[in-house]
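Colleague: Numbering (the numbering used here), first residue to last: 662 to 965. Where is the CB? At the ideal position from N, CA and C, for every residue including glycine. These numbers come from a predicted model, not from an experiment. So that we are looking at the same thing, I have put the structure below in structure tokens.
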């Protein structure tokens with residue numbers, strides 16, 4: 662139930678505007694991630710479980726927390742596991758919207774699934790909040806992955822009743838809103854064909870900082886590339902849940918590599934530091950490729 666797949670659900674309506682088959686569009690969106698009004702998933706993992714899994718925009722609800730308490734027990738529990746009071750209210754707002762759309766039986770079913778997902782996230786969390794799927798047994802991993810499928814019908818119903826919270830932009834439009842250079846790789850493995858290039862930005866955020874998604878396809882395989890402005894250069898993380906995560910230096914750049922998420926894809930994150938007026942930014946490359954190939958793709962973006 663990684664963040665790429667959650668955003669894929671959010672962007673489904675936007676994807677209909679893209680050219681290509683529905684299957685291709687779904688693969689494109691499966692690699693997109695973005696930063697909305699919440700902090701990143703790394704240190705706010707419990708907040709993200711409910712807020713992202715429900716997949717609906719925030720509206721004007723405030724002042725109540727009884728729905729969030731039903732999942733986390735209390736605001737104190739939520740904060741103790743890495744969340745903030747503001748994020749707890751954000752989750753409450755999303756749950757309130759879900760309660761408006763779903764009937765009583767559906768809401769109770771969805772709530773139970775979210776509780777279960779929160780339990781798995783707590784098991785996977787390290788001291789700094791990083792998720793590591795290797796902390797789960799094989800049986801737990803299978804159940805964790807199954808949760809996304811079981812949540813999908815509720816998400817679809819909620820999405821159908823709410824306006825999409827995401828705008829999609831061209832790379833040229835996105836570049837005007839970003840201070841780091843938006844670039845496509847000069848190297849991709851043989852056989853991979855460019856399918857889409859798009860910027861995604863939350864409609865309700867004050868700072869419109871798109872996340873760049875560039876997607877290549879080779880048969881049934883996909884290679885996704887994300888580029889995102891980075892506020893905290895020390896906040897290096899992978900988009901999604903990986904095993905055997907290793908941090909290292911790649912030709913002078915801080916890097917993080919993880920193996921085999923549930924889509925059988927490896928992931929590589931690269932931090933490009935700020936330079937002059939250019940902001941620091943984060944490149945994430947994921948696909949069913951060996952580490953060396955992911956590194957070549959990432960380096961071909963920054964070494965231009």
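1) For the ligand COA, I want to know if residue 878 counts as a neighbour, meaning its beta carbon is within less than 6 Å of at least one of the ligand's heavy atoms.
2) May I ask you to report which of helix, strand or coil DSSP gives residue 853?
3) Touching or not, the stretch 909-929 and the stretch 949-960, by the rule of three or more beta carbon pairs under 8 Å?
4) Report the rounded CA-to-CA distance for residue 805 versus residue 798, giving the unit in angstroms.
5) Would the stretch 895-906 count as touching the stretch 943-954 if we require 3 or more Cβ pairs under 8 Å?
6) Could you compute how far the alpha carbon of residue 849 sits from the alpha carbon of residue 964?
7) Under 7 Å, do residue 853 and residue 877 count as touching if we go by C-beta distance?
8) Quick one: give me the first and last residue of the alpha helix (DSSP H) that residue 779 is part of.
9) Across which residues does DSSP place residue 859 in a beta bridge pair?
10) What number of angstroms, rounded off, separates the C-alpha of residue 857 from the C-alpha of residue 883?
11) Is it the case that the Cβ atoms of residue 890 and residue 832 are separated by a distance below 7 Å?
12) What's the call for residue 871, buried or exposed, on a 16-neighbour Cβ count within 10 Å?
13) For residue 806, which three-state DSSP category applies?
14) Would the beta-carbon of residue 926 fall within 7 Å of that of residue 951?
15) Going by DSSP in three states, residue 697 sits in which element: helix, strand or coil?
16) According to the Cβ coordinates, are residue 875 and residue 860 closer than 7 Å?
17) Closer than 8 Å by C-beta to residue 767: which residues in its own chain qualify, once you throw out the five before and the five after it? Chain order, please.
18) In the DSSP output, which residue or residues are listed as bridge partners for residue 841?
19) Would you check if the distance between the CB atom of residue 906 and the CB atom of residue 919 is smaller than 7 Å?
20) Can you look up residue 926 in the DSSP assignment and give me helix, strand or coil?
21) Considering Cα atoms alone, identify which of 793, 938, 734 is closest to residue 773.
22) As a quick exercise: from 835, 801, 758, pick the residue whose alpha carbon is nearest that of residue 779.
23) Shortest alpha-carbon distance to residue 895 belongs to which of 835, 862, 755, 930?
24) Does the CB of residue 880 have a neighbour CB from chain C at under 7 Å?
25) Can you list, in chain order, the residues of its chain whose CB lies under 7 Å from that of residue 794, leaving out five sequence neighbours each side?
26) Let me know if residue 759 comes out buried or exposed under the rule of 16 or more other beta-carbons within 10 Å of its beta-carbon.
27) Given this structure, state the Cα-to-Cα distance separating residue 836 from residue 844, to the nearest angstrom.
28) What does the Cβ neighbour count give for residue 829, buried or exposed, with the cut at 16 atoms within 10 Å?
29) Provide the residue span of the beta strand (DSSP E) that contains residue 889, from first to last.
30) Tell me which same chain residues have a C-beta within less than 6 Å of the C-beta of residue 771, skipping the five on either side of it?
Modeller: The relevant details are as follows:
1) You won't find the ligand COA in this model; it holds no ligand whatsoever.
2) Within the chain shown, residue 853 is the residue found at index 192, counting from 1. Of the three classes helix, strand and coil, the one that applies to residue 853 here is coil, per DSSP.
3) Yes: at least three Cβ pairs fall under 8 Å.
4) On the chain shown, position 144 is the one that residue 805 refers to. On the chain shown, position 137 is the one that residue 798 refers to. Straight across, the Cα-Cα distance linking residue 805 with residue 798 is about 10 Å.
5) Two segments are said to touch when three or more pairs of C-beta atoms, one from each, lie closer than 8 Å; by this definition the stretch 895-906 touches the stretch 943-954.
6) Within the chain shown, residue 849 is the residue found at index 188, counting from 1. Within the chain shown, residue 964 is the residue found at index 303, counting from 1. Near 14 Å, if we compare the C-alpha coordinates of residue 964 and residue 849.
7) Working through the chain shown from its first residue, we reach residue 853 at position 192. Working through the chain shown from its first residue, we reach residue 877 at position 216. Yes. Within cutoff.
8) On the chain shown, residue 779 is found 118 positions in, with the first residue counted as 1. First-last of the alpha helix (DSSP H) with residue 779: 765-785.
9) Within the chain shown, numbered from 1, the residue matching residue 859 stands at position 198. Answer is 874, bridged to residue 859.
10) By 1-based counting over the chain shown, the position of residue 857 is 196. By 1-based counting over the chain shown, the position of residue 883 is 222. Between residue 857 and residue 883, the C-alpha separation is close to 11 Å.
11) The residue given as residue 890 occupies position 229 in the chain shown. The residue given as residue 832 occupies position 171 in the chain shown. Cβ distance not < 7 Å, so residue 890 and residue 832 don't count as in contact.
12) Translated into the one-based positions of the chain shown, residue 871 becomes position 210. A buried status is given to residue 871, since no fewer than 16 other beta-carbon atoms sit within 10 Å of its beta-carbon.
13) Along the chain shown, read from residue 1 onward, the residue named residue 806 stands at position 145. Of the three classes helix, strand and coil, the one that applies to residue 806 here is helix, per DSSP.
14) To locate residue 926, count along the chain shown from 1; it is residue 265. To locate residue 951, count along the chain shown from 1; it is residue 290. In this structure, residue 926 keeps its C-beta atom at 7 Å or more from the C-beta atom of residue 951.
15) As a position in the chain shown, residue 697 is number 36, starting the count at 1. With a pLDDT of 33 at residue 697, under the threshold of 50, the predicted position of this residue should be treated as unreliable, though the coordinate-derived value follows. Residue 697 falls in the coil class under three-state DSSP.
16) On the chain shown, residue 875 is found 214 positions in, with the first residue counted as 1. On the chain shown, residue 860 is found 199 positions in, with the first residue counted as 1. Not closer than 7 Å, so no.
17) For this step, residue 767 is matched to residue 106 along the chain shown. Closer than 8 Å at the Cβ level, and outside the excluded window around residue 767, lie 815, 818.
18) On the chain shown, position 180 is the one that residue 841 refers to. Answer is none; residue 841 lacks a bridge partner.
19) The residue you call residue 906 lines up with position 245 of the chain shown. The residue you call residue 919 lines up with position 258 of the chain shown. Yes, Cβ-Cβ distance for residue 906 and residue 919 is below 7 Å.
20) To locate residue 926, count along the chain shown from 1; it is residue 265. Reduced to three states, the DSSP call for residue 926 is coil.
21) Locating residue 773 in the chain shown gives position 112, counting from the first residue. Here the closest residue by C-alpha is 734.
22) Within the chain shown, numbered from 1, the residue matching residue 779 stands at position 118. For the residues 835, 801, 758, the minimum Cα distance to residue 779 belongs to 801.
23) The residue you call residue 895 lines up with position 234 of the chain shown. Residue 930 is the option with its Cα nearest to residue 895.
24) Protein chain content of the structure displayed is limited to a single chain, and chain C is not contained in it.
25) As a working mapping, residue 794 is identified with position 133 in the chain shown. Counting only Cβ-Cβ distances below 7 Å, and skipping sequence neighbours, we find 785, 802, 902, 903, 904.
26) Against the chain shown, residue 759 aligns to sequence position 98. Residue 759 comes out buried.
27) Counting from one through the chain shown, the residue named residue 836 turns up at place 175. Counting from one through the chain shown, the residue named residue 844 turns up at place 183. Taking the straight line joining both Cα atoms gives about 9 Å.
28) Residue mapping note: residue 829 aligns to position 168 of the chain shown, counting from 1. Buried, by the Cβ-count rule.
29) Locating residue 889 in the chain shown gives position 228, where the first residue counts as 1. Counting along the chain, the beta strand (DSSP E) containing residue 889 begins and ends at 882-890.
30) Working through the chain shown from its first residue, we reach residue 771 at position 110. Contacts found: 815.
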